[in-house]
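Below is one structure, written out as structure tokens, with a few remarks after it.
Shown next, in the form of structure tokens:
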């Protein structure tokens, strides 16, 4: 429990406040909404340690069955409540059940916290009983805590009417637990003593506490734990055939899918996308479509036969090649062994390789003064940065050396600026020093004359000037 209760201080405080209100005779409703695995059940389990003295904790569950149990969550209370309500639930008479609820939780009853989990799967009789309680809750010593998944609610779901009724309750709290942060995942990884990188774990799980716990237990962020695969596929299989086909076509793309590519893969798939979005599998924005969790995408791909994966990759590749500005890296990914298109790999592979090598050249251009990028090109040529700051490398820190004292000199340096004459036996810093270098050239050991081959190699344009009788350094 400790692993999933991190970063839930606000939710726990709200639940504790609801329990105190119930003990004081003021009824309240708490709605806990979130996707599967976000930690709703863990919050409910923690209520036991927040109850004031003399307050009861009762819990009922709505099972996701093909034929839901009539009054299922209330039948779970038999044996924990008074005889009148227990007998009414055993007989199943709805009118007697409502009277039993009044006798059990009414103004004359003991303070209680009633938890009903997964209300999205409740039968109509249970929803009606909850509406009965909500209408009369104001003066009852009862805190009603309901958990549900919003993605399971379609337009005509009976829970919608209950939620609309709760919106008018004065003492109503709505909790939506947020995903765990990277810092919380790092704490969990340290406690689990795993080698998995916390940043990668957070990226593939989206901060879902259940997914995080399973990946840390497996110890590999690149893999797919079987428990997560089973949980995701159970949700995927509930889609209709058209929505499932669209989800599979998009699953082979390992990044957010641009909307033009979505339209190419599923021209009439807007309705199918809406169903998958309501199920909490994908996230749709005006510019792209992506899976809510990377692990969910992996689970969908792993469940596809190889022939179906190859067909899906070929469909994506055909859509990419139809656009002249398609990214070479995307083309190579789908044209490799997934689609088996060797010609596309040979055509786009060198382009992708050249673009991938650009970060190195970008790092070289950033060898500036360290404070701006406007003077990058001039710094590489060896001239002074345009911002006027001392030159230094951002990749290789320079080692300071003892400064050399210079005395005024007539004339100008090779860059055209007024110079300083160096003491006898000290070589000129030239344009490299005029660029603000942090290191001073070593004292000359050779007699004046033609420079050594090593110094001639370093005397490239923009770095070192050729030796002259008078050695100067720019003071600009």
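Numbering (the UniProt record's numbering), first residue to last: 1 to 476.
Quick reminder that beta carbons are idealized off the backbone N, C-alpha and C, glycines included.
Quiz item: Hey, residue 184 and residue 221 are a contact pair by Cβ (cut 8 Å); roughly how many whole angstroms apart?
Solution: Wrong, their Cβ atoms sit about 16 Å apart, outside the cutoff.
Quiz item: Who are the near neighbours of residue 232 in its chain, counting only those whose CB is closer than 6 Å to its CB and skipping five residues on each side?
Solution: 296, 299
Quiz item: What does a CB cutoff of less than 7 Å around residue 52 pick up in its chain, not counting 5 residues either side in sequence?
Solution: Answer for residue 52: 19, 20, 23, listed in chain order.
Self-check item: residue 154 burial status per 10 Å Cβ neighbour count (16 or more: buried)
Solution: exposed
Self-check item: 3-residue-minimum beta strand (DSSP E) runs that sit fully inside the UniProt domain "AAA+ ATPase" (26 to 173), ordered along the chain
Solution: 28 to 33, 56 to 61, 112 to 117, 142 to 148
Quiz prompt | Proximity below 7 Å, CB of residue 228 to CB of residue 214 | solution = yes
Practice problem: My understanding is that residue 7 touches residue 181, with C-beta atoms under 8 Å, so please give their C-beta distance in whole angstroms. | Solution: 6 Å
Practice problem: Classify residue 180 as helix, strand or coil using the three-state DSSP reduction. | Solution: coil
Quiz item: So, are the CB atoms of residue 284 and residue 169 less than 7 Å apart?
Solution: no
Quiz item: Among residues of its own chain, excluding the 5 on either side of residue 81, which ones have a beta-carbon nearer than 6 Å to its beta-carbon?
Solution: 104
Practice problem: Check whether the Cβ atoms of residue 503 and residue 39 lie closer than 7 Å to each other. | Solution: Within the shown structure, residues of the chain are numbered from 1 to 476, placing residue 503 beyond reach of any answer.
Quiz item: Cβ of residue 175 within 7 Å of Cβ of residue 32?
Solution: yes
Quiz item: Tell me, which residues are paired with residue 211 by DSSP?
Solution: Residue 211 pairs with nothing; no bridge assigned.
Quiz item: According to the neighbour-count rule (16 or more other Cβ atoms, all chains shown, within 10 Å of its Cβ), is residue 260 buried or exposed?
Solution: exposed
Self-check item: Nearest-angstrom Cα separation, counted from residue 15 out to residue 272
Solution: 38 Å
Quiz item: Which of helix, strand or coil does DSSP assign to residue 282?
Solution: Residue 282 falls in the strand class under three-state DSSP.
Quiz item: Do residue 199 and residue 179 come within 7 Å of each other at the CB atom, strictly closer than that value?
Solution: no
Practice problem: Answer with buried or exposed for residue 118, where buried requires no fewer than 16 other C-beta atoms within 10 angstroms of its C-beta. | Solution: If you draw a 10 Å sphere on the C-beta of residue 118, you find 16 or more other C-beta atoms in it, and that means buried.
Quiz prompt | the region 86 to 93 / the region 53 to 64 touching (three or more Cβ pairs under 8 Å) | solution = no
Self-check item: Contiguous alpha helix (DSSP H) assignments of at least 4 residues, all confined to the region 197 to 280
Solution: 198 to 205, 209 to 218, 226 to 236, 241 to 251, 259 to 265, 270 to 278
Practice problem: Could you pull the start and end residues of the beta strand (DSSP E) that residue 326 belongs to? | Solution: Unbroken run through residue 326: none, as it is neither H nor E.
Quiz prompt | Supposed contact pair residue 212 and residue 188 - C-beta distance, whole angstroms, cut 8 Å | solution = 6 Å
Quiz item: Can residue 27 and residue 138 be called in contact, C-beta distance under 7 Å?
Solution: yes
Quiz item: Do you know how far the Cα of residue 322 is from the Cα of residue 159?
Solution: Their Cα atoms are separated by approximately 46 Å.
Exercise. Tell me where the alpha helix (DSSP H) around residue 288 begins and ends.
Key: Taken as a continuous stretch (DSSP letters only), residue 288 belongs to no alpha helix (DSSP H), being part of the beta strand (DSSP E) at 288 to 291.
Quiz prompt | Cβ-based neighbour list, residue 319, same chain, cut-off 7 Å, excluding 5 preceding and 5 following | solution = Hits under 7 Å: 261, 264, 265.
Quiz prompt | Pair within 7 Å by beta-carbon distance, residue 56 and residue 112 | solution = Between residue 56 and residue 112, the gap from beta carbon to beta carbon is short of 7 Å.
Self-check item: Beta-carbon proximity list for residue 537, same chain, < 7 Å, skipping 5 on both sides
Solution: Because the chain in this structure spans residues 1 to 476, residue 537 falls outside the shown range and cannot be described.
Quiz item: DSSP state of residue 295, grouped into three classes?
Solution: Helix, per DSSP.
Quiz item: Straight-line CA distance for residue 332 to residue 256?
Solution: 17 Å
Quiz prompt | Residue environment, residue 65, which counts as buried when at least 16 other CB atoms sit within 10 Å | solution = exposed
Quiz item: residue 481 bridges to which residues according to DSSP?
Solution: Outside the displayed span of the chain (1 to 476) sits residue 481, for which this structure offers no information.
Quiz item: Do residue 140 and residue 106 come within 7 Å of each other at the CB atom, strictly closer than that value?
Solution: yes
Quiz item: Can you tell me the Cα-Cα spacing of residue 148 and residue 127, whole angstroms?
Solution: 13 Å
Quiz item: residue 9 lies in the alpha helix (DSSP H); which residues open and close that run?
Solution: Counted as a single uninterrupted DSSP element, the alpha helix (DSSP H) harbouring residue 9 occupies residues 9 to 23.
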